[in-house]
Amino acid sequence: MVDEFKKYNSSAGFTLLELLVVIVIIIIITIVALLNYRGIQEEFTLRREAQNLTSALIETQVFAMAVKEFPSGSAKFPAHGINFNIITNDDKYTFFGDKYTSLADDGDKIYTDSANEKIKEYLFKNSIKIQELCGDEISNPPGDCSISSLDIVFLRPDPIIYLTGNSPPKDFDDIRIELQSPNNKTKSVIFKKIGEIYVQ
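Heads up, the sequence shown is in full-length UniProt numbering, so the first residue is 1 and it goes up one at a time.
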């Protein structure tokens, strides 16, 4: 019977101080994880928007190669392209049909807002914007990063790609579109005249 009532050993278990230390460590780990989560989420959003831009470029190329009529009912099948303008619209880009005046004309290979060429506008999410447009960084280093307006046009039905920047127009062999998050993280979409496209 004496064995059943052994004296309680006070050294077993946690003291109040040890418990507080463990709670503080858990709180610190949680805060670090939450702060890191925002950075990871921002990186994910930036990568997603770069992939969306890549998909839009591929969709534009498909429209051009499929020889789509634009505008509807016009019996005209123009080149299709995407326009970037970081002065007026650094948070979006425009998918357009390059209208032309006669059947012999291939269009001017430049987006003209006043000509009602716009098919669709793509808006970047989560305050992501276009930070920089650069041409010929790969083919002719250091390239030209003073581009404020850029058109990527796919001429139908030939697999000809025009990369045209600024005014007066200047042709490039490759372009880099740099996207930037609100916290200055960046991701670039590289597009080459041969049709190669990738995110860097």
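Yeah, the Cβ is synthetic: ideal placement off N, Cα and C, and Gly gets one too. It should be emphasised that the depicted structure is a prediction, and the values quoted were computed from it without experimental measurement.
Looking at the backbone, the Cα of T54 and that of R176 are separated by about 12 Å. A56 is the residue among K193, A56, I27 and I40 whose C-alpha sits nearest the C-alpha of F124. Of the residues assessed, A33 falls on the exposed side of the cut-off, its CB having fewer than 16 other CB atoms within 10 angstroms. In the three-state reduction of the DSSP assignment, S72 falls in the coil class, being assigned neither a helical nor a strand state. With 16 or more other CB atoms across the displayed protein chains lying within 10 angstroms of its CB, D174 is buried.
If the five residues before and after D136 are omitted, its C-beta is found closer than 7 Å to the C-beta atoms of G143, D144, F172, D173 and D174, all from its own chain and listed in chain order. In summary, G81 is buried, with 16 or more beta-carbon neighbours lying within 10 Å of its beta-carbon over all protein chains present. The beta carbon of Y93 lies closer than 6 Å to those of I82, F84 and Y122 in the same chain, with the five residues before and after it left out. In this structure D113 is exposed. Its beta-carbon is surrounded by fewer than 16 other beta-carbon atoms within 10 angstroms. If the five residues before and after T186 are omitted, its C-beta is found closer than 8 Å to the C-beta atoms of L46, Q131, E178, L179 and Q180, all from its own chain and listed in chain order. Closest by C-alpha distance to F70, out of N116, V153 and V21, is N116.
Boundaries of the beta strand (DSSP E) harbouring R176: D174 to Q180, taken from the DSSP string.
Secondary-structure assignment with DSSP links E121 through a beta bridge to T94.
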